[in-house]
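Numbering (our numbering), first residue to last: 200 to 486.
The following block contains the structure:
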């Protein structure tokens, strides 16, 4: 199977394994799950994800589900592990959250592109929406170890949907919370605070992860300030390995507009190259 994965031009380090669940804990509306993955953990970088076969052997769910990697550890009593933050919304994620410690899942990973790290220390801002912020915690640790200033902004519709705010506070230079209903931090949408914070912290690079509408708004702010913006695109990935073509986004590649698969060419992309208005992109392509 590994040879077939290579033929699909996915992450060269990807492997298909039976991964044992060694922890499954409910944290607010989410589940924090830990899987034993052996030496796969050695290849994981912030921004990578895994694709898991869901529903069991008799399930009608043919395609895998993609889950962003929260953290990977390459050592311990059980060897390498990956941690996921799962929101039990659809049938696949609900099935995964219902599994017990000791159960096994069919997992492929690590998949996708990773966040790029500045070659010299820089002032960075990490912006996450809801449980979509999960990949940013490992990134924050890596940036901090490289000498970067790390300012994190976490937002959600309400306080309970902000994942691990205390952990975020430990691993960054500053943490700003924002909720639509005002139950935690700044009252309002997460993007409303960004311009002020960019000026306050003299931000040079923005990393973001969350809903597409949020990423689009952040990209506009980044362009206004002429900042580099790397974003983890949250297009729905029905298979995670480049087969189904459901996760494409329009991207400028030199003088052309191409529909790229976020599971292969992403999920981390240069926000400046993405055409956020899909209707305009389709019109341009059809001409």
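Ideal placement from N, C-alpha and C gives every residue a C-beta, glycine not left out.
The model shown is predicted, which means the values in this text are computed figures rather than measured ones.
Nearest by alpha-carbon distance to residue 383: which of 222, 353, 314, 331 is it? 353
Which partner residues of residue 283 appear in the DSSP bridge assignment? 232, 268
Presumed contact (8 Å Cβ cut-off) between residue 431 and residue 246, rounded CB distance: 6 Å
I need the straight-line Cα distance from residue 381 to residue 346, nearest angstrom please. 33 Å
Beta-carbon contacts of residue 286 that lie in its chain and below 6 Å, excluding the five residues immediately before and after: 229, 330
For residue 296 and residue 450, I'd like the C-alpha separation in whole angstroms. 34 Å
Which of the three DSSP states is assigned to residue 250 in this structure? strand
DSSP has residue 322 in a bridge; who is on the other side? 348
Using only CA atoms, which one of 261, 308, 301, 239 lies nearest to residue 274? 239
Which complete alpha helix (DSSP H) runs does the stretch 343 to 425 hold, if anything under 4 residues is left out? 364 to 370, 393 to 400, 411 to 423
Specify the secondary structure class of residue 472 as computed by DSSP and reduced to three states. helix
Measure the Cβ-Cβ separation of residue 400 and residue 350 and say whether it is below 8 Å. yes
Alpha-carbon spacing of residue 414 relative to residue 333, whole angstroms: 15 Å
What residues in its chain sit with their C-beta under 6 Å from that of residue 219, if we drop five residues either side in the sequence? 235, 303
Between the C-alpha atoms of residue 340 and residue 370, what's the straight-line distance to the nearest angstrom? 6 Å
Helix, strand or coil, according to DSSP, for residue 292 in the structure here? helix
Does the beta-carbon distance from residue 144 to residue 443 come in below 8 Å? Within the shown structure, residues of the chain are numbered from 200 to 486, placing residue 144 beyond reach of any answer.
Cβ shell of residue 475 (< 7 Å), same chain only, five flanking positions each side left out: 415, 418
Beta-carbon separation (whole angstroms), residue 291 vs residue 254, contact threshold 8 Å: 6 Å
Simplified DSSP state of residue 458, which is helix, strand or coil: strand
Beta-bridge partners of residue 430, as assigned by DSSP: 407, 468
Leaving aside the five residues before and after residue 342 along the sequence, list all residues of the same chain whose C-beta is less than 6 Å from its C-beta, in chain order. 323, 349
What does a CB cutoff of less than 7 Å around residue 421 pick up in its chain, not counting 5 residues either side in sequence? 405, 428, 470
To the nearest angstrom, how far is it from the Cα of residue 446 to the Cα of residue 437? 7 Å
So what does DSSP say about residue 222, is it helix, strand or coil? strand
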